[in-house]
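Throughout, my numbering is defined as the position within the sequence shown, counted from one, plus 26.
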Amino acid sequence: MNRHIINRLEFEISCNDEIQALNLRHNFTATIQETLEAALENVFSKYADADTILHLDKLDLDLGSMSALGFQTGLQQMLEYKLEEALRGKLPAAASIANEDALRQAGAPLSILRFFLLKGRLPWYAGQTVQDLNQLAMEVWKTAATGLANWLLSADTPIVVWQRIAWQFSQEVQAEFVQQLPPLQTMTSLITARLHNNFNLLGNKYPISVWQEITDWLNGPSLPLLKPVLLHAVDIIAGKNNREFWAILMKELQQSTIFPILTDATITAAAVLNDLLAQENGATVTPEKDNMVENRMTPAFNEETKVEKIAVTTAGLVLIAPFLQRFFMELSLWKEDVNDWGSMDNRVKAICLLHYLATGEVAAVEYQLVLEKIICGYPLEMPLPPAPVLMDSELAEADSLLTAVIGHWSAVKNTSIPGLRHSFLIRDGLISKTEQGWKLQVERKTLDVLVDAVPWGFSTLHFPWSQELILVEW
Numbered sequence: 027m028n029r030h031i032i033n034r035l036e037f038e039i040s041c042n043d044e045i046q047a048l049n050l051r052h053n054f055t056a057t058i059q060e061t062l063e064a065a066l067e068n069v070f071s072k073y074a075d076a077d078t079i080l081h082l083d084k085l086d087l088d089l090g091s092m093s094a095l096g097f098q099t100g101l102q103q104m105l106e107y108k109l110e111e112a113l114r115g116k117l118p119a120a121a122s123i124a125n126e127d128a129l130r131q132a133g134a135p136l137s138i139l140r141f142f143l144l145k146g147r148l149p150w151y152a153g154q155t156v157q158d159l160n161q162l163a164m165e166v167w168k169t170a171a172t173g174l175a176n177w178l179l180s181a182d183t184p185i186v187v188w189q190r191i192a193w194q195f196s197q198e199v200q201a202e203f204v205q206q207l208p209p210l211q212t213m214t215s216l217i218t219a220r221l222h223n224n225f226n227l228l229g230n231k232y233p234i235s236v237w238q239e240i241t242d243w244l245n246g247p248s249l250p251l252l253k254p255v256l257l258h259a260v261d262i263i264a265g266k267n268n269r270e271f272w273a274i275l276m277k278e279l280q281q282s283t284i285f286p287i288l289t290d291a292t293i294t295a296a297a298v299l300n301d302l303l304a305q306e307n308g309a310t311v312t313p314e315k316d317n318m319v320e321n322r323m324t325p326a327f328n329e330e331t332k333v334e335k336i337a338v339t340t341a342g343l344v345l346i347a348p349f350l351q352r353f354f355m356e357l358s359l360w361k362e363d364v365n366d367w368g369s370m371d372n373r374v375k376a377i378c379l380l381h382y383l384a385t386g387e388v389a390a391v392e393y394q395l396v397l398e399k400i401i402c403g404y405p406l407e408m409p410l411p412p413a414p415v416l417m418d419s420e421l422a423e424a425d426s427l428l429t430a431v432i433g434h435w436s437a438v439k440n441t442s443i444p445g446l447r448h449s450f451l452i453r454d455g456l457i458s459k460t461e462q463g464w465k466l467q468v469e470r471k472t473l474d475v476l477v478d479a480v481p482w483g484f485s486t487l488h489f490p491w492s493q494e495l496i497l498v499e500w
């Protein structure tokens, strides 16, 4: 079976009475959704096989009038007929042959990777095709290296791109980015050569074998040069090479968390590196802010801007919203007395804990955390630093929160924590920016009759750490 992706589907029905309209609205999944999916699958598969991507901006269909009986029995047949009729009008006769190569480009891995590096989420047309970011990046380097390299080396590539490369990918993939881009590869060689020169300036303080071991570390599997080089790629590509830049680069190298153990037990690699960096003529370094991209604000809402509806898979988190402030305070993540998170690490940990609450997963990649970012007031397109390790005590506190939710919600009092997650918290939804804040539309399911029994409100959410409302349609 092919997989066809629809960004937005609107189905409008005019009914004879209000009762019929309410029944259709509340039972959409059980009465109409399967019929729609079957009709769309049948028609689209005629025109796009598993290797072809056809990108259509919009299709409008008018199914005409139907009796109640005809609606129940003839909806799929009528929908397929009207859909194929409209589809043929959108695709010229030669599209399947002459323009096939152009149409395939709509879902190219390069396009998906670029979108993620810029925005921290996947484009709607990616669907479920991306299972591993590292595999996606390596595939692009194999199949579209020139296109990716040209884009990365252009002057208008923003710093957030490089921060995501440094924070969201494995060392193997980071090394591939450096090796594929000559300015970055050259810079790593220059750093090693400069440190070698500094080592020579130390005279006989250390034996030459120490330098060999340091060099092996710099160029070995741990590759400590990767992050400093990637995080300063914009300056490197621009040719910046002054004293202050070198001092910053060297200082970040000094902050490496993994140093080699030298053969001579009386000498530590950290001490040698300190001596090497001291040869940089005592250049001073202005400490960087913890939130190094905090000043990258989200753009103001503009009514003329096309509203993007972003798919999320943990929409049910809004059900536990009233418990979150106390939860974060118990873990000392949110500082109520100063009305602040205290640090970037605290906010990032809060985002990761939200994902654990919804899914039970202790690790997630950035594109899975759209709603979690918004709930925690984290600018949507700001890159996430590497996720901190969630401690057992924090996970236990999260489980206690879910137990409390079950205890207060009598309709699900016999539900387990996994049952709560899979029935309600792991839920597809669409979130979009509006003039009032964020609007979250949650997919309804038959079991959602129990949601009406939730003893607290969640239709309008506001948190002390965010200036924006979240308006919920469930």
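We put the beta carbon where it would ideally sit given N, CA and C, even for glycine. Fair warning: this is a prediction, and the values are worked out from it, not measured in the lab.
Using a Cβ distance threshold of 8 angstroms, residue 218 and residue 176 do not count as a contacting pair. Here the alpha carbon of residue 34 sits roughly 43 angstroms from the alpha carbon of residue 363. Taken in chain order, the unbroken stretches of alpha helix (DSSP H) that lie wholly in the stretch 334-422 and span 4 residues or more are 350-356, 370-385 and 396-401.
In this structure, 190 is the residue among 108, 190 and 154 with its C-alpha nearest to the C-alpha of residue 140.
DSSP places residue 177 in the uninterrupted alpha helix (DSSP H) bounded by 171-178. Secondary structure of residue 499 (DSSP, three-state): strand. Just measuring C-alpha positions, the residue of 455, 458, 422 and 454 sitting nearest residue 443 is 422.
Where residue 188 is concerned, there is no enclosing beta strand (DSSP E), although the alpha helix (DSSP H) around it starts and stops at 185-194. When the beta-carbon positions are compared, residue 428 and residue 416 stay at least 8 angstroms from each other. When C-alpha distances from residue 154 are compared across 472, 346, 30 and 297, the shortest belongs to 30. Around the Cβ of residue 455, a 10 Å sphere holds 16 or more other Cβ atoms; the residue is buried.
CA-CA distance, residue 397 to residue 152, rounds to 18 angstroms. Under the three-pair Cβ rule at 8 angstroms, the stretch 383-402 counts as touching the stretch 335-348. Under the DSSP assignment, residue 467 falls outside any alpha helix (DSSP H), being part of the beta strand (DSSP E) whose first and last residues are 463-468.
Cα atoms of residue 43 and residue 59: separation of roughly 21 angstroms, rounded to the nearest angstrom. One alpha carbon belongs to residue 292, the other to residue 234, and they sit about 15 angstroms apart. Residue environment for residue 355: exposed (fewer than 16 other C-beta atoms within 10 angstroms of its C-beta).
By the Cβ-count criterion, residue 115 is exposed, with fewer than 16 other Cβ atoms from all chains shown falling within 10 Å of its own Cβ. Residue nearest to residue 468 within the set 171, 434, 344 and 439 is 344 (criterion: CA-CA distance).
DSSP places residue 449 in the helix class (H, G or I) of the three-state scheme. Cβ-Cβ separation between residue 290 and residue 228: approximately 15 angstroms, too far for a contact (criterion under 8 angstroms). Shown here, residue 433 sits in a helix according to DSSP, grouped into three states.
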